[in-house]
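Report on the following structure.
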Amino acid sequence: MTRLTFSRRQSLAVIGGAAATVAMPAVVRAQSTEISVHYSMPAIFKEAQDAVMAAFVIKHPEVKATYFNPTPTYEDGAQLLLRNAATNSMPDISFQGLNRLRMFAERGIAQDLAPLLAKDGDPAKLGYSKALLGLGFHAKVQCGLAFATSNPISYYNMDLLKKAGITDAGSPTSWDKVIENSKRIKALGDGNEGMFFRWPGDDWMFSSLLYGHGGRMLNEAETDVAFNGPEGLAALKLLDRMVKEGGMPNYAGTADLQAFAAGKLGQMFRTTAQVRSISNSVGTNFQLQTSLMPVIDAQKGRLPTGGAGGMITTTDPRKQEAAWKFLKFATSAEGTTLMTKNTGYVPCNQLAIDDPSYLADFYKQNPLFQAATRQVPLMVPWYAFPGQNSVRVTQVMVDNLARIAEQKATPEQVLADMATEVRKLIPRQG
Amino acid sequence: MSDASPAIALGSATSAHMRPRVLFPDIAAGWFLTLPAILAYVLMILLPLLGVLLLAFTDYEFGSKSFNWIGLENFAAMTADRTFLASIRNTVVYCLFVVPLSIGLALLLAILIEAGARGRTFFRAVFFLPVVSLTVAMATAWQYLLHPSIGPVNVVLRGLGLGAPNWLGSSDWVLISLGIIGVWDNVGFNLVLFLAGLTTIPRDLYAAAEIDGAKGAWSRFTLVTWPLLGPTLLFVIVITMTRSVRVFDTVQTLTQGGSNHASEVLLRTIYQEGFHYFKFGYSAAITLVFLAIVLAIMLVQTRLIDRRVHYG
Amino acid sequence: MKDLPRLAVLGMAAMIMLVPYVWMLAVSVKPQDEVFSASLTLLPEKWALIENYGKVLRTIPVLTFVMNGLIVCFGILFFQLLFAVPAAYALAKLNFRGREVLFGFVMLGLLVPYQTTALPLYLGFHQAGLLNSYTALIAPFTCSVFAIFMLRQFFKALPDDLIAAARIDGMGEFSIVWRVILPNAWPAMTAFAIFSVVAHWNDLFWPLIVIQKGDLYTPAMGILAFRSVESGDDYGVLMAAATLVAAPLVFAFLFAQRRFIEGVTMSGLKG
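Written out as structure tokens, the structure reads:
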């Protein structure tokens, strides 16, 4: 007869095993997963990212996230990722310009977030509306989540406008008015400039003029350019008028920001993303006001959505999970609130937008940030050119715009050249 | 000064009169001692050079798994490439601006410094400062100075009633601005070389010239200084040219080739095409053009030196 | 005084030369709102020395950049001399078959600027998994044909009796290099050292290509990166950063002027 008793050794083993099972979560927690995060434009995003990271670390101590060195512009960020993809040293998460997510989806670098989203239930409940998800949906894949969205707004130096005798300043409703004001400010002399429309850097601001007229970049099938129609010509003619009549200078780099902060630039048109940093630079130098972009076409006019979206590149399941935690947090109501307060971008989580406890007070106390939110109904996605040469396309467009800014070519010439050159760079279908 | 004084190094291409009487023959030692250098040379210079030569005839893109041999297609593409043509033109213009100005100024300043006894060390140090200063840092300082509306330079110009150009933004002015910074950068280096050359000119020659009737400073210069500075001058020209043709830091920092490629230069185009657009094949072809230009400069120098040696 | 016009001209030229430095320092101690509003005044109304320099030291690892600069420059120099001294000696004093061929390659190397070999070198380091490393920053420059050339010139001028005596004493060639030649090569070596350190401290092209990790940034890259962070917001802080990163070499120069100048003239005059 066998005695059904455990030997001492066996019982110890059982107890030990049980204890181990109970202790397991603690052990697992002690093993943190490391992920690397990359973003661009530290001038705009550094504080926001730092704030998000600080809050994330408290909530998820089991994930150790470190930053890659941030790249100066979205273009550099795209190049970094392409280069590192070739050398297998990609950051696990990368915040790319919204118009670049498509390229990474096409190349299989951006991982599909749909399965990760599905695990957490209904995305709408987490604040990811259809529109927001749409910003990161390309090549039939949910390749990214919008982290920060922006649209172009107007910045005004109210003191300088007043000095030029403009009393109804602050929200001119047309470009004619803006150009008129610019003429008067420039007449003040002493190095004062009337306006600057930030066309350099990439195609974003040009697209705001193009969309404002109701135009589009490429045709529906993406086989040919569509910006060389009447809308495109009107957009270029407007740019031309800014220089010819408004006396717009050809500022390079960040010279416009510096001139504006020093009180030498009356009207500035650029992304809402820099509201926080611009108001810091301006300080008490003068009274700053932001407003909507002048309306061109009340019916068909639209504005491009700028900003960044986070994508996950790692295929390692454990890292993916950790990365997802970070991305989810960054785009959660809490994360997007931190981001909004530290930049000027529009929040990317419906909960944060709807729920007064997150941002209502903030907007009440910071009217400068409101302009962008009032333009949300007009936002359309930032156009992503298809194919291998998408980065070169934006460069080609900027180069051509420079010719107008320097009055070296007419809008008609530039439009024709731009169309020819871009046509050469987009993939030929069929 | 010791045997290795600049004068001797200057004067002789080969120290013929110093050839030792006995050369110890030792093949083993010879090769053994040069081996590390040879290995480094082969790995880091020779093989990569051959690599560039090969890449230039392919369409290789970084990150792609395969490539094709396309013969001279890259070079054909260059002739139609607006950016590349701008690049060559701008590099030439930049050199034509920087080389004569930085050499002329350096020579003038060197003569002035040599002409008196006071302040030599001080002035030499001041003019040499840009050479040891981090180019990227100083370019940033220049960017502040040259800000079109609020930089000190334009504020002064406006105060004087002169125009206030858009130094770094305008495609008409950007090369001039970069050229000014380039001259500022190079003057000190050339100055020091000229100083060394000037000190080797024996004083008695000036005395002799004066006795022979050379009265003013100008005739002293043309009769004594200029001819004897010949080798130094030639050398300085070549050095400055090769330094100028390699301009990169200021462009990359300040203008990134803008506006509309008005400040695009060869090295930057090589960098952009290769490491921004990943067109390694094309970038290698441009590199070969760049190398050809550098070799051409060196070739001209050798020819001119030969002429001087035989007829001068 | 007869000297007055000369000093006046030189003085004016010197002032123009120093303009960027003066303004760099002046702006680095100005608070943000004063940087552009009164760009002609040198002294700030409100001193922001501590704020600006403090912010720089807090936000960017200036010390790391300087350390990297030192590691890379002296690493390169070490290997350059290690390879060049024996090679130059062999080419100068030993007679062996193939010597002229080797020297021919040295001359060839002098014609080739290092930027021309960047693309394949990058591919090579990539294949070897050595991108983003000190190795990638140092290795390409270890064979300095310039050092070989210059040292060869110098060694040729050294008296043969020195070497003959050492041989009689039974020294092998290897020991001769390190025990007899090296101590006598001091002036040429320091001259080259200075030339090399200045060139590599300033280098932007190669580090820009091979380094993407912030903790390996060299001084030039560090400033470039910081420019994009500051992005024209606070020029005072940017100037403070520029000052801090440019300072080491400038101080070294002011401290050892003669050596620097000698370095340039000696290394420069190859005739």
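Residue numbers (the working numbering), protein chains in the order written: chain W, 1 to 430; chain F, 431 to 742; chain D, 743 to 1013.
Don't be surprised by glycine CBs; every beta carbon is placed ideally from N, CA and C.
Would isoleucine 404(W) and leucine 292(W) be called neighbours here (beta carbons separated by less than 9 Å)?
In the first sequence, counting from the first residue as 1, residue 404(W) sits at position 404. In the first sequence, counting from the first residue as 1, residue 292(W) sits at position 292. No, Cβ-Cβ distance for isoleucine 404(W) and leucine 292(W) is not below 9 Å.
Cβ closer than 7 Å: which chain W residues qualify as neighbours of phenylalanine 947(D)?
The residue given as residue 947(D) occupies position 205 in the third sequence. Close partners of phenylalanine 947(D) in chain W (Cβ separation under 7 Å) are lacking, with about 16 Å as the shortest Cβ gap.
Minimum C-alpha distance to valine 771(D) - residue among Thr783(D), Tyr763(D), Ile792(D):
Position 29 of the third sequence, counted from the start, is the residue given in the question as residue 771(D). It is Ile792(D).
Any chance the region 412-428 of chain W sits against the region 217-233 of chain W, with 3 or more Cβ pairs inside 8 Å?
Short answer: they touch.
So the candidates are Met195(W), Leu81(W), Phe137(W), Asp202(W); which of them puts its Cα closest to the Cα of arginine 102(W)?
Within the first sequence, residue 102(W) is the residue found at index 102, counting from 1. Per the Cα distances, Phe137(W).
Give the secondary structure of asparagine 285(W) by DSSP, where H, G and I count as helix, E and B as strand, and everything else as coil.
Within the first sequence, numbered from 1, the residue matching residue 285(W) stands at position 285. DSSP places asparagine 285(W) in coil when its eight states are reduced to three.
In three-state terms, what does DSSP make of isoleucine 93(W)?
Stepping through the first sequence from its first residue, residue 93(W) is reached at position 93. Three-state DSSP puts isoleucine 93(W) in a strand.
Can you pull out the residues from the region 942-968 of chain D whose beta carbon lies closer than 8 Å to at least one beta carbon of chain W?
Answer set for the region 942-968 of chain D: Gln954, Lys955, Gly956, Tyr959, Ala967.
Between phenylalanine 45(W) and the rest of its own chain, which residues show a CB-CB distance below 6 Å, the 5 nearest in sequence each way excluded?
What you label residue 45(W) is simply residue 45 of the first sequence in a count that begins at 1. Sequence-distant Cβ neighbours of phenylalanine 45(W) in its own chain, meaning closer than 6 Å and more than five residues away, are Tyr39.
Can you name the start and end residues of the beta strand (DSSP E) that alanine 65(W) belongs to?
Your numbering for residue 65(W) matches position 65 in the first sequence. Judged by DSSP secondary structure, alanine 65(W) falls within the beta strand (DSSP E) whose first and last residues are 63-67.
Would you call the region 196-208 of chain W in contact with the region 235-252 of chain W, where contact means no fewer than 3 C-beta pairs closer than 8 Å?
By the Cβ criterion, the region 196-208 of chain W is in contact with the region 235-252 of chain W, since at least three pairs of Cβ atoms, one from each stretch, lie closer than 8 Å.
Contact set between the region 544-561 of chain F and chain D, restricted to residues whose Cβ is under 9 Å from the partner
Those residues of the region 544-561 of chain F that come within reach of chain D (Cβ to Cβ, closer than 9 Å) are Ala545, Gly546, Ala547, Arg548, Gly549, Thr551, Phe552, Phe553, Arg554, Ala555, Val556, Phe557, Phe558, Leu559, Pro560, Val561.
Does DSSP classify phenylalanine 137(W) as helix, strand or coil?
Along the first sequence, read from residue 1 onward, the residue named residue 137(W) stands at position 137. Three-state DSSP puts phenylalanine 137(W) in a strand.
What did DSSP end up calling tyrosine 74(W) once you bin it into helix, strand or coil?
Taking the first sequence and counting its residues from 1, one reaches residue 74(W) at position 74. Secondary structure at tyrosine 74(W): helix, using DSSP grouped into helix, strand and coil.
Do you know whose CA, among Val528(F), Thr464(F), Ala626(F), Leu469(F), lies nearest isoleucine 667(F)'s CA?
Counted from its first residue, the second sequence places residue 667(F) at position 237. Residue nearest to isoleucine 667(F) within the set Val528(F), Thr464(F), Ala626(F), Leu469(F) is Val528(F) (criterion: CA-CA distance).
Is there a C-beta anywhere in chain W that falls below 9 Å from the one on isoleucine 641(F)?
Position 211 of the second sequence, counting from 1, holds the residue named residue 641(F). It does not: the Cβ of isoleucine 641(F) has no partner Cβ on chain W nearer than 9 Å.
Nearest-angstrom Cα distance between arginine 29(W) and proline 386(W)?
Position 29 of the first sequence, counting from 1, holds the residue named residue 29(W). Position 386 of the first sequence, counting from 1, holds the residue named residue 386(W). Note that arginine 29(W) has pLDDT 48, beneath the 50 cutoff, so the model's placement of it is unreliable and the number below is only indicative. Straight-line Cα distance between these residues: approximately 43 Å.
Do glutamine 388(W) and phenylalanine 705(F) have their beta-carbon atoms positioned less than 9 Å apart in this structure?
Stepping through the second sequence from its first residue, residue 705(F) is reached at position 275. Stepping through the first sequence from its first residue, residue 388(W) is reached at position 388. Taking 9 Å as the Cβ cut-off, phenylalanine 705(F) and glutamine 388(W) do not qualify as a contacting pair.
Considering just the uninterrupted stretch of the alpha helix (DSSP H) at isoleucine 500(F), what are its terminal residues?
Walking along the second sequence from the start, residue 500(F) turns up at place 70. Looking at the DSSP string, isoleucine 500(F) is not in any alpha helix (DSSP H), and its letter there is neither H nor E.
Could you tell me the alpha carbon to alpha carbon distance between leucine 453(F) and aspartate 957(D), rounded to whole angstroms?
On the second sequence, residue 453(F) is found 23 positions in, with the first residue counted as 1. On the third sequence, residue 957(D) is found 215 positions in, with the first residue counted as 1. Residue placement at leucine 453(F) is flagged as unreliable, the pLDDT there being 49, under the threshold of 50; the coordinate-derived value follows with that caveat. Here the C-alpha atom of leucine 453(F) lies approximately 50 Å from the C-alpha atom of aspartate 957(D).
Cβ shell of alanine 830(D) (< 7 Å), same chain only, five flanking positions each side left out
For this step, residue 830(D) is matched to residue 88 along the third sequence. If we look at alanine 830(D) and ignore the five residues flanking it on each side, its Cβ neighbours are Ile890, Leu893, Arg894, Phe897.
Residue range of the unbroken alpha helix (DSSP H) whose run includes tyrosine 358(W)
Taking the first residue of the first sequence as position 1, residue 358(W) is located at position 358. Bounds of the alpha helix (DSSP H) holding tyrosine 358(W) are 356-365.
Strictly under 9 Å for the Cβ-Cβ distance: is alanine 439(F) near chain D by that measure?
For the purposes of this step, residue 439(F) is identified with residue 9 of the second sequence, where counting begins at 1. Any reading at alanine 439(F) needs caution, since the residue's pLDDT is 37, under 50, leaving its predicted position unreliable; the model's value is listed next. By this cut-off, alanine 439(F) is an interface position.
Do we get a CB-CB distance below 9 Å when we pair alanine 626(F) with the residues of chain D?
Sequence index remark: in the second sequence, residue 626(F) carries index 196 (1-based). By this cut-off, alanine 626(F) is an interface position.
Quick check on lysine 495(F): buried or exposed, where buried means 16 or more other Cβ atoms within 10 Å of its Cβ?
Reading the second sequence from its first residue, position 65 is the one you call residue 495(F). Classification for lysine 495(F): exposed.
Out of curiosity, what's the CA-to-CA distance linking leucine 160(W) and lysine 264(W)?
Position 160 of the first sequence, counted from the start, is the residue given in the question as residue 160(W). Position 264 of the first sequence, counted from the start, is the residue given in the question as residue 264(W). Taking the straight line from one Cα to the other gives about 8 Å.
Along chain D, which residues have their Cβ under 8 Å away from the Cβ of lysine 46(W)?
Taking the first residue of the first sequence as 1, we reach residue 46(W) at position 46. Within 8 Å Cβ-Cβ: Val971.
Examine chain W for any beta-carbon lying closer than 9 Å to the beta-carbon of threonine 464(F), and answer yes or no.
Reading the second sequence from its first residue, position 34 is the one you call residue 464(F). Judged by the 9 Å Cβ criterion, threonine 464(F) is not in contact with chain W.
Rounded to a whole number of angstroms, what is the C-alpha to C-alpha distance between valine 295(W) and methionine 205(W)?
Counting from 1 along the first sequence, the entry for residue 295(W) is found at position 295. Counting from 1 along the first sequence, the entry for residue 205(W) is found at position 205. Rounded to whole angstroms, valine 295(W) to methionine 205(W) spans 14 Å at the Cα level.
Under 9 Å by beta carbon: chain F residues contacting asparagine 250(W)
What you label residue 250(W) is simply residue 250 of the first sequence in a count that begins at 1. Near asparagine 250(W) (Cβ distances below 9 Å), the residues of chain F are Pro578, Asn596, Gly599, Ser600, Ser601, Ser689.
Buried or exposed: serine 174(W), going by 16 or more other Cβ atoms within 10 Å of its Cβ?
Position 174 of the first sequence, counting from 1, holds the residue named residue 174(W). Within a 10 Å sphere around the beta-carbon of serine 174(W) sit fewer than 16 other beta-carbons, which makes this residue exposed.
Could you say which of Thr570(F), Ile727(F), Ser649(F), Ser600(F) lies nearest to valine 761(D) if we only look at CA atoms?
Taking the third sequence and counting its residues from 1, the one referred to as residue 761(D) is at position 19. For the residues Thr570(F), Ile727(F), Ser649(F), Ser600(F), the minimum Cα distance to valine 761(D) belongs to Thr570(F).
Between the alpha carbons of threonine 373(W) and alanine 384(W), how many angstroms are there, rounded?
As a first step, residue 373(W) must be located in the first sequence, where it is residue number 373. As a first step, residue 384(W) must be located in the first sequence, where it is residue number 384. If I take the Cα positions, the gap works out to 23 Å.
Examine the Cβ distances between the region 857-868 of chain D and the region 949-956 of chain D and report whether three or more of them are shorter than 8 Å.
With the rule of 3 Cβ pairs closer than 8 Å, the region 857-868 of chain D counts as touching the region 949-956 of chain D.
Between the region 662-676 of chain F and the region 719-730 of chain F, are three or more C-beta pairs nearer than 8 Å?
Output reads yes: the region 719-730 of chain F touches the region 662-676 of chain F.
Just to confirm the assignment, what range does the alpha helix (DSSP H) spanning glutamine 267(W) have?
The residue given as residue 267(W) occupies position 267 in the first sequence. Element bounds for glutamine 267(W): not the alpha helix (DSSP H) but the beta strand (DSSP E), 265-271.
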